[in-house]
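Mapping the sequence shown onto the UniProt record's numbering, position 246 (from 1) lands on 246, and the numbers just tick up by one.
Here is the structure we will look at, set down as structure tokens.
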Amino acid sequence: MTACCSWNDVFQYETDKIIWIQSKTYGTIKWFFHVVLFSYIGFALVSDKRYQRKEPVISSVHSKIKGIAEVKKEIMENGQKKVVRSVFDMADYTFPLQGNSFFMMTNFLKTEGQEQGLCPEYPTPRTLCSSDRGCKKGWLGPLSKGIQTGRCVDYKEKQKTCEVFAWCPVEAAEKAPAPALLVSAENFTVLIKNNIDFPGHNYTTRNILPDLNSTCIFHKTRDPQCPIFRLGDIFQETGDNFSEVAIQGGIMGIEIYWDCNLDRWFHHCRPKYSFRRLDDKTAKESLYPGYNFRYAKYYKENNTEKRTLIKAYGIRFDILVFGTGGKFDIIQLIVYIGSTLSYFGLATVFIDMLINTYSSKYCKSHIYPWCKCCQPCAVNEYYYKKKYESIVEPTRTLKYVSFVDEPYIRMVNERLLGRSLQDVKGEKVLDLSSLTGDRIKGLSSPKHWTAREFPLCLEF
1 MTACCSWNDV FQYETDKIIW IQSKTYGTIK WFFHVVLFSY IGFALVSDKR YQRKEPVISS
61 VHSKIKGIAE VKKEIMENGQ KKVVRSVFDM ADYTFPLQGN SFFMMTNFLK TEGQEQGLCP
121 EYPTPRTLCS SDRGCKKGWL GPLSKGIQTG RCVDYKEKQK TCEVFAWCPV EAAEKAPAPA
181 LLVSAENFTV LIKNNIDFPG HNYTTRNILP DLNSTCIFHK TRDPQCPIFR LGDIFQETGD
241 NFSEVAIQGG IMGIEIYWDC NLDRWFHHCR PKYSFRRLDD KTAKESLYPG YNFRYAKYYK
301 ENNTEKRTLI KAYGIRFDIL VFGTGGKFDI IQLIVYIGST LSYFGLATVF IDMLINTYSS
361 KYCKSHIYPW CKCCQPCAVN EYYYKKKYES IVEPTRTLKY VSFVDEPYIR MVNERLLGRS
421 LQDVKGEKVL DLSSLTGDRI KGLSSPKHWT AREFPLCLEF
């Protein structure tokens with residue numbers, strides 16, 4: 001079995017050979033590639049501002065909500081329903097800021113008059129009981145409202161639950177009111193103040209313009225630079241209904257994107273606002289839908305500490321600020337131009353591929369005989385022979401030379417590299433004048449040569 005390669009195949013070197021091919025077809029292909037690449041490189045240079053040094057934005061955000069809501073709630077008093085009206089302002093429905101987020105309450109459940117003591121637990125499969133045996137003293141579960149005392153007491157009518165030491169009466173498991181109690185918050189407005197800085201470019205600005213109209217309301221086409229947003233409009237931008245989200249709560253993202261061109265000749269640095277719903281919209285399919293938490297208002301009555309527990313449902317707004325600021329930098333321009341120069345070699349690669357493909361044995365034996373229109377491509381074989389040339393390394397051959405005008409034999413043991421044997425000095429190995437006639441006849445064939453006559457030849 002023949003070897004897949006030999007040592008001669010390993011020790012070889014390839015170098016480029018430049019061939020000027022006078023061909024309209026290949027010339028057109030070359031210039032087509034160059035024009036397309038030059039257009040793309042120029043377009044990317046201008047549109048993506050590849051000549052600029054980019055720097056990420058550093059930001060700080062402050063927000064302020066304004067609006068008044070009237071809340072109507074039905075309660076039972078002396079066996080009759082009664083509507084209680086109350087007014088909620090900023091201090092009632094907003095909470096301390098947390099980073100770049102703010103929360104606005106849109107719905108709530110109240111458990112009033114709680115004080116620490118003993119009372120029956122809210123009925124659940126784990127707290128229902130029929131006797132004291134069903135209750136374990138000191139037991140405390142992750143969903144418990146208090147610590148069990150080990151007694152089984154009446155809850156309501158014929159229901160019995162385990163007694164607990166907790167804030168009594170314990171909170172009932174109720175659904176959020178629908179419609180939301182603060183559904184009118186749809187008309188509330190929020191002012192967002194955003195200060196940004198690009199320290200590398202020594203540039204600072206903010207989203208509020210000096211000539212801002214304080215009565216403006218953001219609109220993506222009529223007033224896209226106004227920093228005052230109506231909450232209902234934010235939800236309309238994302239395709240959501242504020243009244244539906246307000247029942248269970250949710251999370252809304254306000255995105256502020258800064259794409260700043262800080263060059264003097266094209267200076268522009270204004271924000272672009274967009275909105276995105278961040279929580280799971282399918283509240284019915286979610287295990288824990290919406291957004292809610294609990295907090296309490298403490299007070300004293302007859303020297304007894306009491307509290308009102310409030311389960312607040314609402315919308316958390318996350319303000320997401322991102323962007324970059326760019327300024328002309330000669331180093332970035334040089335790096336970009338240098339990195340794109342190699343693209344122009346694609347034309348050479350493509351043309352070489354065409355020459356190699358249409359000069360292959362497969363094309364000559366299978367395509368050209370049957371495809372008359374492909375026969376002009378046979379000229380590629382001519383280009384191929386001119387372009388690719390195999391050069392074999394010269395080998396050293398031991399030569400013995402005798403000239404008619406010299407009475408001796410010379411040994412040439414070096415590469416000629418195109419030189420004539422007459423120009424090579426060589427080494428004298430045998431004096432012919434010292435040989436007799438019989439010995440000369442014996443030397444007519446190299447097989448009769450011995451180490452005595454040609455010691456250097458046999459040793460080599």
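Where is the CB? At the ideal position from N, CA and C, for every residue including glycine.
A quick note: this is a predicted structure, and the numbers were derived from the prediction, not measured.
Taking each of Y400, F403, F32, I196 in turn and checking the Cα distance to I208, the smallest one comes out for I196.
Closest in C-alpha terms to Y51, from the list Y336, K137, I351, comes Y336. Put simply, of F32, W7, I18 the residue whose alpha carbon is nearest the alpha carbon of F350 is F32. Annotated three-state conformation of L128 is strand, per DSSP.
Under the 10 Å beta carbon count, V46 is surrounded by fewer than 16 other beta carbons and is classified as exposed.
With fewer than 16 other CB atoms across the displayed protein chains lying within 10 angstroms of its CB, G27 is exposed. Taking 9 Å as the cut-off, the Cβ atoms of Y122 and T161 count as close. By the Cβ neighbour-count rule, T25 is exposed, with fewer than 16 other Cβ atoms within 10 Å of its own.
Here L181 is buried: its Cβ has 16 or more other Cβ atoms, across all protein chains shown, within 10 Å. Of the other Cβ atoms in all chains shown, 16 or more fall within 10 Å of the Cβ of S59; this residue is therefore buried. DSSP places T15 in the coil class of the three-state scheme, outside both helix and strand. In terms of Cβ geometry, G249 and T106 form a close pair [threshold 9 Å]. Between D263 and K272, the C-beta spacing is not below 9 Å. Rounded to the nearest whole angstrom, the CA to CA distance from V404 to Q422 is 12 Å.
Our two residues, L143 and E174, have alpha carbons roughly 15 Å apart in a direct line.
Taking the Cα of I256 as reference, the smallest distance to any Cα among D48, V61, I29 is reached at V61. Pairing E55 with F266 gives a Cβ-Cβ distance that is not under 9 Å.
In this structure the stretch 295-305 does not touch the stretch 9-18; the number of beta carbon pairs closer than 8 Å is below three. Within a 10 Å sphere around the beta-carbon of R316 sit 16 or more other beta-carbons, which makes this residue buried. Counted as a single uninterrupted DSSP element, the stretch harbouring S39 is not any beta strand (DSSP E) but the alpha helix (DSSP H) occupying residues 24-47. Its chain contains Y51, Q52, R53 as the residues whose beta carbon lies nearer than 8 Å to that of D329, once the 5 sequence neighbours on both sides are disregarded; these appear in chain order. DSSP places L346 within a helical segment (H, G or I) once states are collapsed to three. Apart from sequence neighbours up to five positions away, the residues of its chain that approach R206 with a beta-carbon distance below 8 Å are K193, N194, N195, I196, ordered along the chain. In this structure, the alpha-carbon of I41 lies about 24 Å from that of G323. Here D240 carries a coil assignment [DSSP, helix/strand/coil]. Distance from the Cα of F188 is smallest, within the candidate group T221, I65, G338, for I65. Distance from the CA atom of D132 to the CA atom of E163, rounded to whole angstroms, is 10 Å.
Looking at the backbone, the Cα of Y400 and that of I19 are separated by about 41 Å. Closest by C-alpha distance to M104, out of T348, M252, N261, is M252. Judged by beta-carbon spacing, L37 lies beyond the 9 Å limit of L231, meaning their Cβ atoms are not closer than that value. When secondary structure is reduced to three states using DSSP, L191 falls in the strand class.
When C-alpha distances from V170 are compared across G146, Q159, E157, D154, the shortest belongs to G146. For a cut-off of 8 Å, the C-beta gap from C168 to R151 is around 14 Å, too long to register as a contact. Inclusion of D318 and L278 in the CB contact set at 9 Å is warranted, their separation being smaller than that value.
In the three-state DSSP reduction, P199 falls in the helix class (H, G or I). If you draw a 10 Å sphere on the C-beta of T215, you find fewer than 16 other C-beta atoms in it, and that means exposed.
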